[in-house]
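Using my numbering, the letters of the sequence shown map in sequence onto residues -5 to 527. Before any comments, here is the structure.
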Amino acid sequence: MPSSAGPSIDKITEGGRVTQVGEGQDADETTPPVMTFGAPTAGEVLAERYELVEHINNDSAGRLVWRGVDVVLRRPVAVVMRYPGGDSATEMLQAAVAASRVIHPNLVGVYDAIDEAERAYVVREWVDGHSLRELVSEGPLDAARATAVGNAVASALAAVHATGMVHGNVHPGTVMISDDGRVVLADARTDGADSQENDVRAVGGLLYFALTGYWPHAEAPLHGATAGHGRAAIPDAVRDANGAAAAPRQVRAGVPAYLDDLTMDLLDADIAPPSSDVLAAELARLDVPEDDYLDTNGPLRFAAETGEEPSPLAAAGGRKVALGIAGLLALALVGLLIGISTLGGDENEPQKNPVAAPTSSAPVSEEPAAPAVRNLKISAARIIDPDSRDRAEVRDAEKVFDGDKDDGWSTQTYRGASNFGNYKRGMGVWIDLGGEHTIKSVQVNLSDTGASAELLTGTIDQPSTNKGDDEILKAYKKNPIGQPFEAHDGTTMTFNGFDADQKYRYLLFWITDLPPNGSGYKVGVNEITVQGS
């Protein structure tokens, strides 16, 4: 896994133990291992591909978590196993299949799901790091890092929700922070017991836990794990006579007031939460000092310098009094900018309040609402193939935006190597939005799993020739946007994390590696959808 450019959350070694649990709760240390027919052994190779190396732990759902190696691709993997398989493993396997269809840098990649009757197992990305639960066990996070985790999880949920699915398993045990600072969400559930709204409210629970070290949901503490039981248990929040959890600021001094408000609003059942993409966008607007920067290796990017305009929403009014959720988010985030600047600034320098009080009794004029996010119209598309010999693969580009996700443009079949048989630097789809737009996300539906690609932008348009394509590639390669993806599994790639102040017209979806397809390597781009305003 590549290293991040910036500093990350401090590591917790705990004797070198690496967390890969799925349900967020390790088995109690006193619990004896379950031994039945189908129990795995070190050195065993599953499905003629996945070699088991080391038993890491058991989770609260009774599943065994192993560190393994994919002997074909020579990469580390996590193997989550349940035995027996069959009906008892149906939910686990269905959840894995659903999760494999969504590709996002803040989601753990799911590679395989296999039922062998006597046992079933899911093979997923190995994350060298620790769960949020373990990190906070050493002490609560500061405001900037707590916000970073919340934003990364909200961004991952936005990708899941965009497909119509629900994660249903968001809590400190399924949020992992890798040693290079990447924040990832793992182990979705498909038991139908949750909703997208509950996913978003769970982000409030994560913020509360990250800031205080306590869990606010007394009615459902981590899928049956009770407070105070076992080494992995999370202490319950301090509560009043009515059972309501104390606000973070009442538990820990120094929590910015508006981050406190935002967290409690997400937890308040009487306030409708925003959608996950709105929450992610609002959290991503925050600026923090450079020494508080956390690189998630995902769409989150905190700027090193402060001064970005706060969200142009309501900037005044009482908390939870006749305000919609958009107003509450804006109020919370403007206040968080003030709180973080106060915490990170020089104590000898006067703090500047970015929200000036009215100098008269005249009413404050309201800012216009931000433009609504919508599907942007693609006015033209063509295939970029600078290393072609006969230009045979540049046809059918119009199919990538015709609304049909079952049919599109595809490469030819290449043999010998996944990088276009060592014949080409790659191929791509260039699209023209017809004018400059801000972009919220770009979603690409592919025909097969396992391709590698990145999203680029530029300002030039050239004729559809080898020379013209080469000039576009060289110019656009200087401007990667969204998040570049490594080799992955899944047929949907979602790019987000775009600069809200930047506008784009030309985009290039550039493919560098093809997935195996029959006797060679090939991929199709069935549909490209761009959301923005």
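Quick reminder that beta carbons are idealized off the backbone N, C-alpha and C, glycines included.
Below 8 Å, how does it come out for the segment 200 to 207 and the segment 249 to 258: are there three or more Cβ pairs, yes or no?
yes
What separation, rounded to the nearest whole angstrom, lies between the Cα atoms of ALA152 and PRO380?
35 Å
Simplified DSSP state of ASN511, which is helix, strand or coil:
strand
Just to confirm the assignment, what range does the alpha helix (DSSP H) spanning MET542 have?
Outside the modelled stretch of the chain, which goes from -5 to 527, sits residue 542, for which no answer is possible.
Please report how far the alpha carbon of ASP464 lies from the alpha carbon of LYS497, in whole angstroms.
24 Å
Inside the segment 248 to 273 only - alpha helix (DSSP H) runs reaching at least 4 residues:
251 to 261
When LEU58, PHE492 and LEU40 are compared against VAL65, the one with the closest alpha-carbon
LEU40
Just how far apart, CA to CA, sit GLY429 and HIS155?
28 Å
Judging by CA-CA distance, which residue of LYS434, ILE97 and ALA137 is the nearest neighbour of GLY247?
Strictly speaking, residue 247 in this sequence is Ala, with Gly absent from that position. When only C-alpha atoms are compared, the closest one is ALA137.
Leaving out five residues on either side along the sequence, give the residues of the same chain with a beta carbon under 6 Å from the beta carbon of LEU501.
ILE425 and THR451
Close-in-space but distant-in-sequence residues of the same chain around SER435 (CB under 7 Å, 5 per side omitted)
THR488, PHE489, ASN490 and GLN525
Environment of ASN145 [buried if 16+ CB atoms lie within 10 Å]:
buried
Alpha carbon to alpha carbon, how far is ALA93 from ALA107?
11 Å
Exposed unless 16 or more other CB atoms sit within 10 angstroms - verdict on PRO510:
exposed
Exposed or buried, what is GLU128 when buried is set at 16 or more other beta-carbons lying within 10 Å of its beta-carbon?
buried
Can you grab the Cα-Cα spacing for the pair TYR408 / SER513, in whole Å?
9 Å
Could you have a look at TYR408 and say whether DSSP puts it in helix, strand or coil?
strand
By the 10 Å Cβ neighbour count, where 16 or more other Cβ atoms means buried, how is ILE454 classified, buried or exposed?
exposed
Let me know the beta strand (DSSP E) ranges lying completely inside the segment 434 to 470, each 3 residues or longer, listed in chain order.
446 to 452
Based on DSSP bridge pairs, tell me the residues matched to LEU179.
LEU101 and VAL169
Element boundaries [alpha helix (DSSP H), containing TYR202]
190 to 206
Along the chain, where does the alpha helix (DSSP H) that runs through GLN525 open and close?
Where GLN525 is concerned, there is no enclosing alpha helix (DSSP H), although the beta strand (DSSP E) it sits in stretches over 518 to 526.
Give me, in chain order, the residues of the same chain whose beta-carbon lies closer than 6 Å to that of TYR515; leave out the 5 immediate sequence neighbours on both sides.
TYR408, SER412 and LEU508
By how many angstroms is the C-alpha of VAL102 removed from the C-alpha of LYS471?
27 Å
Could you tell me which residues DSSP puts in a beta bridge with ASP230?
TRP209
Helix or strand or just coil, what does DSSP make of PRO78?
coil
Starting from SER149, trace the alpha helix (DSSP H) both ways and give me its first and last residue.
137 to 156
Closest by C-alpha distance to VAL394, when choosing among ASN473, THR405, LYS468 and PRO70
THR405
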